[in-house]
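139 is the number of the first residue of the sequence shown in this note's numbering; add one for each residue after it.
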Amino acid sequence: MGVKEDIRGQIIGALAGADFPINSPEELMAALPNGPDTTCKSGDVELKASDAGQVLTADDFPFKSAEEVADTIVNKAGL
(Lines of atoms letter the chains of each structure in order from A and count residues from 1; the text may use other names and numbers.)
(Lines give C-alpha, C1' and ligand atoms only; values in the text may rest on other atoms or scores of the structure.)
Protein backbone atom coordinates (compact mmCIF):
# COMPACT_ATOMS: atom_id res chain seq x y z
CA MET A 1 0.00 0.00 0.00
CA GLY A 2 1.31 3.44 -0.92
CA VAL A 3 1.55 6.45 1.33
CA LYS A 4 -1.48 8.11 -0.28
CA GLU A 5 -3.69 5.05 0.23
CA ASP A 6 -2.41 4.54 3.78
CA ILE A 7 -3.08 8.15 4.83
CA ARG A 8 -6.47 8.07 3.08
CA GLY A 9 -7.43 4.96 5.07
CA GLN A 10 -6.33 6.54 8.33
CA ILE A 11 -8.43 9.65 7.68
CA ILE A 12 -11.48 7.51 6.89
CA GLY A 13 -10.89 5.53 10.09
CA ALA A 14 -10.54 8.69 12.17
CA LEU A 15 -13.90 9.91 10.88
CA ALA A 16 -15.71 6.59 11.38
CA GLY A 17 -18.04 7.98 14.05
CA ALA A 18 -18.53 11.44 12.55
CA ASP A 19 -21.91 12.89 11.69
CA PHE A 20 -22.19 14.04 8.08
CA PRO A 21 -22.54 16.42 6.39
CA ILE A 22 -19.61 18.36 7.81
CA ASN A 23 -20.16 22.00 6.90
CA SER A 24 -17.06 23.84 8.13
CA PRO A 25 -13.41 23.41 9.14
CA GLU A 26 -14.49 23.76 12.78
CA GLU A 27 -16.96 20.88 12.42
CA LEU A 28 -14.26 18.78 10.74
CA MET A 29 -11.77 19.37 13.56
CA ALA A 30 -14.47 18.59 16.15
CA ALA A 31 -15.27 15.30 14.37
CA LEU A 32 -11.68 14.01 14.65
CA PRO A 33 -10.68 11.96 17.72
CA ASN A 34 -7.89 14.36 18.77
CA GLY A 35 -9.17 17.45 16.99
CA PRO A 36 -6.45 19.40 15.18
CA ASP A 37 -3.79 17.21 16.84
CA THR A 38 -5.08 14.08 15.07
CA THR A 39 -2.09 12.75 13.11
CA CYS A 40 -1.83 10.27 10.25
CA LYS A 41 1.55 8.66 9.57
CA SER A 42 2.90 6.51 6.77
CA GLY A 43 6.62 5.88 6.47
CA ASP A 44 8.35 9.25 6.62
CA VAL A 45 5.15 11.18 5.92
CA GLU A 46 3.22 12.73 8.80
CA LEU A 47 0.03 14.71 8.26
CA LYS A 48 -1.62 16.52 11.15
CA ALA A 49 -5.26 17.54 10.90
CA SER A 50 -4.23 21.14 11.55
CA ASP A 51 -1.98 20.94 8.45
CA ALA A 52 -4.81 19.47 6.40
CA GLY A 53 -7.06 22.26 7.57
CA GLN A 54 -4.72 24.74 5.92
CA VAL A 55 -5.21 23.24 2.44
CA LEU A 56 -9.01 23.18 2.60
CA THR A 57 -11.11 26.11 1.42
CA ALA A 58 -14.73 27.10 2.01
CA ASP A 59 -15.48 25.69 -1.46
CA ASP A 60 -14.54 22.19 -0.25
CA PHE A 61 -17.48 22.12 2.17
CA PRO A 62 -19.86 20.52 2.88
CA PHE A 63 -18.36 17.04 3.03
CA LYS A 64 -20.90 14.23 2.71
CA SER A 65 -18.66 11.29 3.72
CA ALA A 66 -15.34 10.34 5.30
CA GLU A 67 -14.18 9.13 1.88
CA GLU A 68 -14.84 12.56 0.40
CA VAL A 69 -12.84 14.23 3.20
CA ALA A 70 -9.95 11.79 2.73
CA ASP A 71 -9.86 12.11 -1.05
CA THR A 72 -9.88 15.92 -0.88
CA ILE A 73 -7.15 16.12 1.76
CA VAL A 74 -4.73 13.63 0.12
CA ASN A 75 -5.17 15.27 -3.27
CA LYS A 76 -4.70 18.82 -1.97
CA ALA A 77 -1.78 17.80 0.24
CA GLY A 78 0.00 16.45 -2.85
CA LEU A 79 0.46 12.92 -1.48
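Using N, Cα and C, we set each Cβ at its ideal position, and we do this for glycine too.
Given the structure is predicted, the values throughout are model-derived calculations rather than measurements.
For Lys-202, does the three-state DSSP call read helix, strand or coil?
Lys-202: coil per DSSP, three-state reduction.
Just list the residues that DSSP pairs Lys-179 with in beta bridges.
Lys-179 is bridged to Glu-184.
Apart from the five residues just before and just after Asn-161, which ones in its own chain have a Cβ nearer than 7 Å to its Cβ?
The answer, listed in chain order, is Phe-199 and Pro-200.
Looking at C-alpha atoms only, which residue of Ala-208, Lys-202 and Lys-179 is the closest neighbour of Phe-158?
Closest by alpha carbon: Lys-202.
Return the chain-ordered list of same chain residues with a C-beta closer than 7 Å to the C-beta of Val-212, the five sequence neighbours on each side being excluded.
Within the same chain, Val-212 has close Cβ partners Lys-142, Ile-145 and Arg-146.
Look up Pro-160 in the DSSP assignment and give the residues it is bridged to.
One point to set straight first is that residue 160 is Ile, not Pro, in the sequence displayed. Bridge partners of Ile-160: Phe-201.
With DSSP as the reference, label Pro-174 as helix, strand or coil.
Of the three classes helix, strand and coil, the one that applies to Pro-174 here is helix, per DSSP.
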